[in-house]
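Residue numbers (this note's numbering): 753 to 934.
Have a look at the structure below, then the notes.
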């Protein structure tokens, strides 16, 4: 009797551990979340850092991933974007076959630079705007387009950190341009 109880307790403990790893199983897409996590575990991620060299481009296309916001987390939405390296972005698209089997279609997008959700404004500035500012100070011309969905972080990246209606512009790209020395 005692052995049977211990076996049952161990089994329940394993189930609880698996559920904790998989997240809330009441979440609508918990199976896709598990598949994405398993796929990410196979990736060798090497995010951009300040010691990486800046390459010279006439046209440079970059992407910056933002983390899920409070509302998205409250709705238990799933992060379907991974940035495994310097110039690559993966989109994990949940799919379902005719026989209702769920699977992921992982699409790869290439960029000159890709920044994950942990990238600081300093790193983004160093690889994107700093070369443009240098060109301007050397008498050249430069243009920077910031394109993205509302709430995706364009103003945050360019202007600094926002808390409600107040702005701390000491960490934004504009502040870095003001500190720029040739």
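Even glycine gets a Cβ: it sits at the ideal position worked out from N, Cα and C.
Where does residue i fall in DSSP's three states?
i: residue 934; result: Summary for residue 934: the model assigns pLDDT 46, below 50, so the residue's position carries little reliability; its value from the coordinates is reported in the next sentence. Correct three-state label for residue 934: coil.
i: residue 755; result: helix
i: residue 937; result: The first residue shown for the chain is 753 and the last is 934, placing residue 937 beyond what the model contains.
i: residue 766; result: helix
i: residue 701; result: The displayed coordinates of the chain run from 753 to 934. Any statement about residue 701 would go beyond what the structure contains.
i: residue 899; result: coil
i: residue 882; result: helix
i: residue 798; result: coil
i: residue 761; result: helix
i: residue 887; result: helix
If you measure from the beta carbon of residue i to each beta carbon in chain B, is any gap under 9 Å?
i: residue 848; result: Going by chain labels, chain B is absent from the structure shown, which holds only one protein chain.
If I measure Cβ to Cβ from residue i and keep anything under 6 Å in the same chain, skipping five residues before and after, which residues do I get?
i: residue 817; result: 833, 835, 868 and 869
i: residue 934; result: At residue 934, the pLDDT of 46 sits below 50, so the modelled position is not reliable; the number obtained from the coordinates is stated separately. Taken in chain order, the residues that qualify are 889.
i: residue 781; result: 830
i: residue 788; result: 844
i: residue 765; result: none
i: residue 959; result: The chain is shown from 753 up to 934; residue 959 falls before or after that span and cannot be answered.
Could you tell me the boundaries of the beta strand (DSSP E) in which residue i lies?
i: residue 816; result: 814-816
i: residue 842; result: 840-848
i: residue 867; result: 865-867
Leaving aside the five residues before and after residue i along the sequence, list all residues of the same chain whose C-beta is less than 8 Å from its C-beta, in chain order.
i: residue 763; result: none
i: residue 878; result: 802 and 806
Between the options, which lies nearest to residue i when the distance is taken from Cα to Cα?
i: residue 847; options: 784, 760 and 757; result: 784
i: residue 860; options: 815, 756, 810 and 767; result: 815
i: residue 856; options: 760, 765 and 786; result: 786
i: residue 904; options: 821, 758 and 755; result: 821
i: residue 862; options: 874, 885, 838 and 876; result: 838
Residue range of the alpha helix (DSSP H) that residue i falls in?
i: residue 935; result: With the chain covering 753 to 934 only, the question about residue 935 has no answer from this structure.
i: residue 822; result: 822-826
i: residue 785; result: 782-794
Considering only DSSP beta bridges, list what residue i is partnered with.
i: residue 892; result: Answer is none; residue 892 lacks a bridge partner.
i: residue 862; result: 840
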